[in-house]
Amino acid sequence: DAGITQSPRYKITETGRQVTLMCHQTWSHSYMFWYRQDLGHGLRLIYYSAAADITDKGEVPDGYVVSRSKTENFPLTLESATRSQTSVYFCASSEPRGHSNYGYTFGSGTRLTVV
Amino acid sequence: GENVEQHPSTLSVQEGDSAVIKCTYSDSASNYFPWYKQELGKGPQLIIDIRSNVGEKKDQRIAVTLNKTAKHFSLHITETQPEDSAVYFCAASKGGSSNTGKLIFGQGTTLQVKP
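In order, the protein sequences belong to chains E and X.
Using the numbering used here, read the first sequence as starting at 1 and increasing by one per residue.
Using the numbering used here, read the second sequence as starting at 1 and increasing by one per residue.
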């Protein structure tokens, strides 16, 4: 199916465990983003990527690792999960044209609970 | 860094009334302003956007206005319906040679439309 898909939709993990959230898009968009959404904080950028093998930190990168070996995939790894990382995680993609930005397309989100 | 302030945080209107959500941005180089609607349990979805070369844009019951001098933009929803109930986010980004593709989001407005 065309679009942007995130997996899993729900995940419960224990403190200290490593967990990877997956994001896959079928449009070959250059840009991909990871946000977390917490009550009272809106959407906060964790990491983003302008192209394969190019990633950069966002507003709240600590405790997270990303990679982008292929244009269509942008996994987010929590190296050692903490309770403060309990959140809803959204992946998004976009394709700027020249110097102009266009809106993101978001995935459906992953609800992560760290116990 | 760039900041986007969004008001109000919650808004309750009667069905058929109008709703207005306002955002201000800090970076005068911003030139792209999208609005997103997020329904419960779903990812944000782009509903309308405006670029800095226009002052107003309409799409059926939704309109967005932009005042570049004052650095603020607003979402207007007319003839509200219960299905308009959702969280709305504004965002801003800048293009040009320093374009990173990033959107800076406001904190969100929870709109409730009462039947």
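Think of the CB as a built atom: it goes at the ideal place given N, C-alpha and C, for glycine as much as any other residue.
- Residue contact with chain E for X:G55: absent (no Cβ-Cβ distance below 8 Å to any residue of chain E).
- Taking 8 Å as the CB threshold, E:P61 stays off the interface with chain X.
- For E:L39, there is no enclosing beta strand (DSSP E), as DSSP marks it with neither H nor E.
- In summary, the residues of the segment 17 to 43 of chain X whose CB is separated from some CB of chain E by less than 7 Å are Y32, P34, K42 and G43, in the order they occur in the chain.
- A straight-line Cα-Cα distance of about 15 Å links E:L45 and E:S67.
- Between the segment 100 to 113 of chain X and the segment 49 to 65 of chain X there are fewer than three inter-stretch CB-CB distances shorter than 8 Å, so the stretches are not counted as touching.
- Below the 7 Å Cβ cutoff, chain X contributes no neighbours of E:A51, its closest Cβ being approximately 10 Å away.
- Contact check for X:Y25 and X:Y88: beta-carbon distance about 16 Å, past the 8 Å limit, so the pair fails to qualify.
- Relative to E:E72, the option among E:Q85, E:F106 and E:W27 whose CA is nearest is E:W27.
- The C-beta of E:T113 has fewer than 16 other C-beta atoms within 10 Å across all chains shown, which makes the residue exposed.
- E:H29 is a Cβ neighbour of E:S94, given a cutoff of 8 Å.
- Under the Cβ criterion of 8 Å, E:Y104 is counted among the residues facing chain X.
- Contact note: X:D49 reaches chain E through Y102 and G103, using a C-beta cutoff of 9 Å and chain order.
- Residue-level contact check: E:G3 does not touch chain X, since none of the beta carbons of chain X fall below 8 Å from its beta carbon.
- In terms of beta-carbon proximity, E:P96 lines the interface with chain X, with at least one pair separated by less than 8 Å.
- By the CB criterion at 8 Å, E:G63 and E:L39 fall outside the cutoff.
- Taking 8 Å as the upper bound for CB-CB distance, E:G109 and E:Y89 are in contact here, some 6 Å apart.
- Nearest to X:C23 by alpha-carbon distance, out of X:E79, X:K68 and X:T78, is X:K68.
- A straight line joining the alpha-carbon of X:S18 with that of X:L66 spans about 18 Å.
- In the DSSP assignment, X:P34 falls within the unbroken beta strand (DSSP E) covering Y32 to Q38.
- For E:K11, DSSP records a beta bridge to E:L112.
- Residues of chain E with a Cβ closer than 8 Å to the Cβ of X:K102 are, in chain order, F33, L45, Y48 and G58.
- Residue burial is scored here from C-beta neighbours: E:R17 has fewer than 16 other C-beta atoms within 10 angstroms and is therefore classed as exposed.
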